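See below for the structure under consideration.
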Amino acid sequence: MKPPIPLPASLSRLLAGARFAKDTIGCSTSAVFKVCGLPEVGDAYLKVVEPVAGEDLLREKAVLDWLQGRLPVPRVLYFIEQFEIQYLLISAIPGLGAENEYFLSTDNTPGMVRELARGLRQIHSLDIGDCPFPRHLDTMLAEAGRRVELGLVSPYDFQPKNTSRAPEDILQELMDKCPKDEDLVFTHGDYCLPNIILQDRQLSGFIDWGRAGVADRYADIALAVRSLRYNLGDRRGVDLARLFLEEYGLEQADEEKIAYFILLDELF
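This is the structure in structure tokens:
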């Protein structure tokens, strides 16, 4: 089957005969295609992006390489950058994203939330002594400022309560209210339901690692809470977010930090 987009010759040869399907889940700035029928590999995913769009697949490749043997993550099968476009081919994690309707049903949701918490504890338990990917607040704020300056942030993508605000206004608030202390751990960077894969109701693996690195643990906790509220609605989402925090091990969550990192994510 002909690829849906032009590919470098070496990648085109590698994917000859494969079947492609556009992946529409998630908010990535990259184009993502499911690739089926690769010999000795099975299913895979192809991500394609122009780095100027704000996403760097070379960084994601480096993170995935570093995580091999540490966490259940995709394997990098191929990477190439040509004519200022990056192409990253990775193996598929078996299972379904945690946002799948099966896991959002009343009977299955508590188990999914417990796996969500277990997965985050697993990520945050990694030794950061040799981690080469800093994501401290000063790094994140500098990156957010660059994105605002380059016009990569659109209010149309904000949460409803923020759509009337200018990106510059949000950036200034984040600078003014920056937490004074950071509880640093290795973080996923986009810990939302579609990025956690479950199989047979058990954690199978994690995807989308482009924003991973050493950061405050609340950078992940906040986005998990927001994702539960978004996918499950206000009442169920609040209750299950509370269950998530309890299962993670937080008896008293820092609500100010949760709100701060949710707001910070508007600029990414």
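The opening position of the sequence shown corresponds to residue 1153 in my numbering, with each subsequent residue numbered one higher.
For glycine and all other residues, C-beta sits at the position ideal for the given N, C-alpha and C.
Here the structure is a predicted model, which is why all the values come from computation and not from measurement.
Per DSSP, cross-strand counterpart(s) of residue i
i: T1339; result: G1365
i: S1243; result: A1196
i: K1213; result: None, per the DSSP bridge assignment.
i: C1188; result: R1171
i: A1183; result: V1200
i: F1231; result: L1240
i: L1248; result: L1350
Residues of its chain near residue i, where Cβ-Cβ distance is below 8 Å and the 5 sequence neighbours each way are ignored
i: I1280; result: L1336, V1337, F1338 and V1366
i: F1358; result: L1223, P1224, V1225, I1245, G1271, I1275, H1340, N1347, I1348 and I1349
i: I1232; result: P1160, S1162, L1163, Q1238 and Y1239
i: L1375; result: D1342, Y1343, C1344, F1413, I1414 and D1417
i: Q1220; result: R1227
The alpha helix (DSSP H) enclosing residue i, as first and last residue numbers
i: E1398; result: D1386 to Y1400
i: L1345; result: That residue, L1345, is in no alpha helix (DSSP H); it is neither H nor E in DSSP.
i: F1255; result: E1253 to L1256
i: S1164; result: A1161 to L1166
i: Q1324; result: P1319 to D1328
i: T1291; result: L1289 to E1301
Exposure label - residue i; buried when at least 16 CB within 10 Å
i: R1369; result: buried
i: M1327; result: exposed
i: P1319; result: buried
i: V1201; result: buried
i: S1162; result: exposed
i: Q1238; result: buried
i: T1261; result: buried
i: F1235; result: exposed
i: L1302; result: exposed
i: V1390; result: exposed
Residue range of the beta strand (DSSP E) that includes residue i
i: K1409; result: Not the beta strand (DSSP E): K1409 falls in the alpha helix (DSSP H), residues E1407 to L1416.
i: I1280; result: Note, I1280: premise wrong, no beta strand (DSSP E); not H, not E.
i: Q1404; result: Unbroken run through Q1404: none, as it is neither H nor E.
i: L1355; result: Q1354 to F1358
Own chain, CB closer than 6 Å to residue i, minus 5 neighbours either side, in chain order
i: D1342; result: D1360 and R1363
i: A1371; result: T1339 and F1413
i: A1173; result: K1186
i: D1175; result: V1184 and K1186
Own chain partners of residue i with C-beta closer than 7 Å, once the 5 adjacent residues on each side are dropped
i: L1229; result: V1193, A1196, L1241, I1242 and S1243
i: A1393; result: V1377, L1380 and R1381
i: D1290; result: none
i: G1297; result: L1323
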